[in-house]
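Scroll down for the structure; my scribbles are underneath it.
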Amino acid sequence: MLDKVKEVLEKEVLPYLRSHGGGLEVVEVTPEKDVIVELTGACSGCPASQVTLETIVAETLKEKVPGIRNVVVNNTISRELLDTVVDILKGGTGGLLER
0 MLDKVKEVLE
10 KEVLPYLRSH
20 GGGLEVVEVT
30 PEKDVIVELT
40 GACSGCPASQ
50 VTLETIVAET
60 LKEKVPGIRN
70 VVVNNTISRE
80 LLDTVVDILK
90 GGTGGLLER
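Residue 98 is where the sequence shown ends in numbering that gives the first Met the number 0, and the numbering goes up by one at each step.
Set out below in structure tokens:
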């Protein structure tokens with residue numbers, strides 16, 4: 000099921016998100032068939048991201064992948080942001096940590 004979810008997102012959802020500078024990554028598909036995603040790029044802080052998630056991402060997945068129950072955003076710190084912070088702290092811009 001994970002492969003099918005990723006395929007549908009790549010073909011039908013990500014082109015739209017990328018056109019706005021955003022994206023998403025699938026974190027997991029649970030045994031209950033909930034899809035956990037992480038918003039990236041411009042989507043990660045966008046005030047309209049919840050509407051996009053419900054009207055574009057969830058509706059598309061539920062239509063194209065039988066059995067999908069919910070699509071939920073993982074609200075932890077994104078890997079992208081964490082990597083940027085670590086780079087800065089290591090000296091990317093006069094950072095505080097040793098390399």
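The beta-carbon is built from N, C-alpha and C at its ideal position, and this holds for glycine as well.
Note that the coordinates shown come from a computational prediction; the quantities given were computed from them, not determined experimentally.
If you look at Glu24, you'll find it in the beta strand (DSSP E) that goes Gly21 to Val28. For Glu58, the uninterrupted alpha helix (DSSP H) segment begins and ends at Glu58 to Lys63. Inclusion of Gly21 and Cys45 in the CB contact set at 8 Å is warranted, their separation being smaller than that value.
Assigned with DSSP and collapsed to three states, Ile87 falls in helix.
Shown here, Glu9 sits in a helix according to DSSP, grouped into three states.
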